[in-house]
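Here is the structure we will look at, set down as structure tokens.
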């Protein structure tokens, strides 16, 4: 525990110098800037002993927030501490022009992979990527009927403090920035209900001849999870231009994939108001899927097939990006207007469109790999949240939209599940009798039928570790079901015939 503000500030400065955020010659200047934020007139007289520089500055920031709360500089709530931490780190974060200049120099001299590696590390060092919180996530791989899935229980986003909720309700409403993806965010001080961005940096890009920007996600769901967003605050829209931009990006950064959430409610992501992509340096379960239905492509030099994946995924491979763009756009346009009532595919009802895609592009050597995942957001009385959405019996595990990341087989499950699944182990170890029905208000009530199914298969005298393994395996089965529910064409003779019928409308044939 650091006993004085000055000791903590000195350690933070050591960290900043060691990480290359602050030049040694600027140490006194930077100390003065930090003291201004801490409302200190001068550093205290202390005996200071340096310590090994840690991976992150979290411990120093937490302690400085403690001091600030004790001195009345901030209210001691979670969100206000986050705002204050970002303000401190904003002093240590290089100016945007300096970041862009160094990135461009590294890219020109050492290549794009070295440049993104540096930028990624910078975002970790300045605490924009919340390394400490991401480490709290539970993550594991588990076999399932869909193959091996990657499952994360997300604990990195903190719970809202009631005081912050009240403050947000009473605060003056403002529309600046318009959303968390707008280019005005870097340097913004934040407010209750909108995060501080003094330590946030983005990189300008040209995609499809228009200005875009790249940043990393503060709550990484996978390695080097980046977000690429339009310079303009315009809604998500999947068009031919989408493919041009995806190809432009992977040409610039061939070690990254890039994909887009669908552009319709239910099957889209959580942000539909600002056009953006997600990418990064990660291999997903969908990348390892084999071939379910080989296809003859109407264009020479292009390999095509339906992937052996629960969600209907068309895969195109080839070196000619123009030919791939033409094919992808042809499939998109055809799918937008395609109906096949025999398999419950309806392009629209009462003028409301239902069909769209989730596109992803990778580069493998000189070849591109294009994924086009067919999506449909039809709702019915039986399935009011979506026919091609997790059905009601899965909502105790996953009720939210199935976006790009889950489409590819990485599940981001709500943090509540960690304690709930841990409590369910007691049924499998015998600590809680299997016929002990949880009360209606218990968080376990929604899982009770499921744990009875697991107990019927595995018994109720397992060790803690065996119980955890059994629950994880059952969880992976549920996740595979989520994908199957979201898949438009099911893995059946009828489903296979249905997707082939669609592909024939755009000139493909079953090989």
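Numbering (our numbering), first residue to last: 1 to 511. Note that beta-carbon positions come from the ideal geometry of N, C-alpha and C, so glycine has one too. Owing to the predicted nature of the structure, the values given are computational and were not obtained by experimental measurement.
Problem set entry | Contact under 8 Å by Cβ, residue 371 with residue 313 | Here the question's residue 371 lines up with position 371 in the chain shown. Here the question's residue 313 lines up with position 313 in the chain shown. A contact, by the Cβ cut-off of 8 Å.
Problem set entry | Where residue 322 falls, given that 16 or more other Cβ within 10 Å makes a residue buried | Translated into the one-based positions of the chain shown, residue 322 becomes position 322. Flag for residue 322 reads exposed.
Exercise. Do residue 473 and residue 142 come within 8 Å of each other at the CB atom, strictly closer than that value?
Worked result: Walking along the chain shown from the start, residue 142 turns up at place 142. Walking along the chain shown from the start, residue 473 turns up at place 473. Yes, they are a contact pair.
Problem set entry | Three-way DSSP call (helix, strand, coil) for residue 318 in this model | Within the chain shown, residue 318 is the residue found at index 318, counting from 1. Note: residue 318 maps to strand in three-state DSSP.
Exercise. Taking Cβ to Cβ, would you say residue 153 is nearer than 8 Å to residue 417?
Worked result: Here the question's residue 153 lines up with position 153 in the chain shown. Here the question's residue 417 lines up with position 417 in the chain shown. Going by C-beta atoms, residue 153 is nearer than 8 Å to residue 417.
Exercise. Can you give the beta carbon distance from residue 34 to residue 88, rounded, assuming they're within the 8 Å contact cut?
Worked result: Translated into the one-based positions of the chain shown, residue 34 becomes position 34. Translated into the one-based positions of the chain shown, residue 88 becomes position 88. Between residue 88 and residue 34 the Cβ distance is about 6 Å, and since that is below 8 Å, they are a contact.
Exercise. Which residue spans inside the stretch 359-422 form an unbroken beta strand (DSSP E) run of at least 3?
Worked result: 367-376 and 410-414
Exercise. Is residue 99 near residue 201, with beta carbons less than 8 Å apart?
Worked result: By 1-based counting over the chain shown, the position of residue 99 is 99. By 1-based counting over the chain shown, the position of residue 201 is 201. Yes, the Cβ-Cβ distance between residue 99 and residue 201 is below 8 Å.
Exercise. For residue 447, which of helix, strand or coil comes out of DSSP?
Worked result: Position 447 of the chain shown, counted from the first residue, corresponds to residue 447. Helix, per DSSP.
Problem set entry | residue 367 classed as buried or exposed, judged by whether at least 16 other C-beta atoms fall within 10 angstroms | The residue labelled residue 367 in the question sits at position 367 within the chain shown. Residue 367 is exposed by the Cβ-count criterion.
For this session: Assuming residue 290 and residue 403 form a contact by the criterion Cβ under 8 Å, report the distance between their Cβ atoms to the nearest whole angstrom.
Result: The count along the chain shown starts at 1 and reaches residue 290 at position 290. The count along the chain shown starts at 1 and reaches residue 403 at position 403. Not really, about 24 Å apart at Cβ, beyond 8 Å.
Problem set entry | 6 Å CB neighbourhood of residue 271 in its chain, flanking five on each side removed | In the chain shown, the residue the question calls residue 271 occupies position 271. Hits under 6 Å: none found.
Problem set entry | residue 134, enclosing alpha helix (DSSP H) - first and last residue | As a first step, residue 134 must be located in the chain shown, where it is residue number 134. Note, residue 134: alpha helix (DSSP H), 131-134.
For this session: Please name the residue, chosen from 108, 344, 186 and 346, that lies closest to residue 252 on a Cα-to-Cα basis.
Result: Position 252 of the chain shown, counted from the start, is the residue given in the question as residue 252. If we check each option's Cα against that of residue 252, 108 comes out closest.
For this session: Kindly list the residues whose CB is nearer than 6 Å to the CB of residue 487, restricted to its own chain and excluding five residues on each side of it in sequence; keep chain order.
Result: By one-based count along the chain shown, residue 487 stands at place 487. Cβ within range, chain order: 310, 311 and 312.
Problem set entry | As assigned by DSSP and simplified to three states, the class of residue 434 | Translated into the one-based positions of the chain shown, residue 434 becomes position 434. In this structure, residue 434 counts as coil in the three-state DSSP scheme.
Exercise. Less than 8 Å separating the beta-carbons of residue 359 and residue 246?
Worked result: Translated into the one-based positions of the chain shown, residue 359 becomes position 359. Translated into the one-based positions of the chain shown, residue 246 becomes position 246. It is a contact, given that the beta carbons lie within the stated cut-off.
For this session: Counting only the same chain and skipping the five closest in sequence on each side, list residues whose C-beta sits under 7 Å from that of residue 53.
Result: As a first step, residue 53 must be located in the chain shown, where it is residue number 53. 14, 15 and 18, listed in sequence order.
Problem set entry | Local Cβ density within 10 Å of residue 286, reported as buried at 16 or more and exposed below that | By one-based count along the chain shown, residue 286 stands at place 286. Classification for residue 286: buried.
Exercise. If you count every other CB in all the chains shown that lies within 10 Å of the CB of residue 110, and 16 or more means buried, which is it?
Worked result: Taking the first residue of the chain shown as 1, we reach residue 110 at position 110. Residue 110 should be labelled exposed.
Exercise. Residue 410 and residue 150 look like a contact to me (Cβ under 8 Å); what is the Cβ gap, rounded to whole Å?
Worked result: Within the chain shown, the letter at position 410 stands for residue 410. Within the chain shown, the letter at position 150 stands for residue 150. That belief holds up - the Cβ atoms of residue 410 and residue 150 are roughly 4 Å apart, short of 8 Å.
For this session: Check the DSSP bridge columns for residue 313 and list the partner residues they point to.
Result: Along the chain shown, read from residue 1 onward, the residue named residue 313 stands at position 313. Answer by DSSP bridge pairing, in chain order: 373.
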